[in-house]
Amino acid sequence: QVQLQQSGAELVKPGTSVKLSCKASGYTFTSNHMNWIKQTTGQGLEWIGIINPGSGGTSYNVKFKGKATLTVDKSSSTAFMQLSSLTPEDSAVYYCAIGAGWGQGTLVTVSS
Amino acid sequence: DIQMTQSPASLSASLGETISIECRASEDIYSNLAWYQQKSGKSPQLLIYAANRLQDGVPSRFSGSGSGTQYSLKISGMQPEDEGDYFCLQGSKFPLTFGSGTKLEIK
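Rendered as structure tokens:
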């Protein structure tokens, strides 16, 4: 069955970057577009963007352009999301997801 | 962006009770709507897709309906394991957008 295994929690300093990973298994990696979603208590769920693992093509929520960069490594069936110029407002749980399957989430805490 | 207005924000139901949660889209989303359940500390689980299609393995007490801008999720006979947060997701246009969520509790 579909499994999306995300990297572990991150504690990072403001102004830095972090790269999250999402390793896929149980399906053909290149056959499903991968979404990334941000969840906070205050703002709820926000869609960050989507990547086509086959072509590398991406589409971003305007709100996250310049903040998030989505990439994939087809050889390891892994999707990545880099978040840059981090501020406390970027503290959240981040999910990768393909429709029916979501990863377990990665908690990112931005604090000095 | 398509706005998804979800109601109610919270709901308390007795065991066996039938409940409904609504999502209204700011424009026609042509049944491109999914419903998810999320339990505390866990990732969301897909219940319904394409407005009324039951995801494999999801109990038949869950059902979805609607079209155009109005959609609903019904639980026919509340069970203890149904406690959690529920939200809708529109997949008609980028950016994908979510409802604000409904917290469902046992009365």
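So the sequences go chain by chain: A and B. Numbering follows this note's numbering, in which position 84 of the first sequence is assigned residue number 84; successive positions increment by one, without gaps. Numbering follows this note's numbering, in which position 60 of the second sequence is assigned residue number 172; successive positions increment by one, without gaps. A virtual CB, placed ideally from N, CA and C, is assigned to each residue, including glycine. No experiment lies behind these values; they were computed from the predicted model shown.
On the criterion of 16 or more Cβ atoms from any shown chain inside 10 Å, does LEU185 (chain B) qualify as buried, or is it exposed? The sequence position of residue 185 (chain B) within the second sequence is 73, counting from 1. With 16 or more other Cβ atoms within 10 Å, it is buried.
ALA68 (chain A) burial status per 10 Å Cβ neighbour count (16 or more: buried): As a first step, residue 68 (chain A) must be located in the first sequence, where it is residue number 68. Classification of ALA68 (chain A): buried, given that the 10 Å Cβ count is 16 or more.
DSSP state of GLU193 (chain B), grouped into three classes? As a position in the second sequence, residue 193 (chain B) is number 81, starting the count at 1. DSSP places GLU193 (chain B) in helix when its eight states are reduced to three.
Taking the alpha carbon of GLN167 (chain B) as the point to measure from, which residue in B:THR130, B:ASP140, B:TYR148, B:GLN202 has its own alpha carbon closest? Working through the second sequence from its first residue, we reach residue 167 (chain B) at position 55. Among B:THR130, B:ASP140, B:TYR148, B:GLN202, the Cα nearest to that of GLN167 (chain B) is on B:TYR148.
Could you tell me whether the Cβ of THR214 (chain B) comes closer than 8 Å to any Cβ of chain A? Here residue 214 (chain B) refers to the residue found at position 102 of the second sequence. Taking Cβ atoms only, chain A never reaches closer than 8 Å to THR214 (chain B), which makes this a no.
Which of helix, strand or coil DSSP assigns to THR28 (chain A): On the first sequence, position 28 is the one that residue 28 (chain A) refers to. DSSP places THR28 (chain A) in the coil class of the three-state scheme, outside both helix and strand.
Give the interface partners of LEU45 (chain A) over in chain B, defined as CB-CB distance under 7 Å, in chain order. Looking up residue 45 (chain A) in the first sequence gives position 45. Neighbours of LEU45 (chain A) on chain B, chain order: PHE199, PHE210.
Keeping to the same chain, check which residues put their C-beta closer than 8 Å to that of PRO14 (chain A); ignore five residues upstream and five downstream. Here residue 14 (chain A) corresponds to residue number 14 of the first sequence, with the count starting at 1. For PRO14 (chain A), where only same-chain residues beyond five positions count, the Cβ hits under 8 Å are LEU86, THR87, PRO88, VAL110, SER111, SER112.
Using only CA atoms, which one of B:LEU127, B:SER152, B:PHE174, B:GLY153 lies nearest to TYR161 (chain B)? One-based indexing of the second sequence puts residue 161 (chain B) at position 49. Per the Cα distances, B:PHE174.
Anyone know if the C-beta pair for ALA79 (chain A) and ALA24 (chain A) falls short of 8 Å? One-based indexing of the first sequence puts residue 79 (chain A) at position 79. One-based indexing of the first sequence puts residue 24 (chain A) at position 24. Between ALA79 (chain A) and ALA24 (chain A), the C-beta spacing is below 8 Å.
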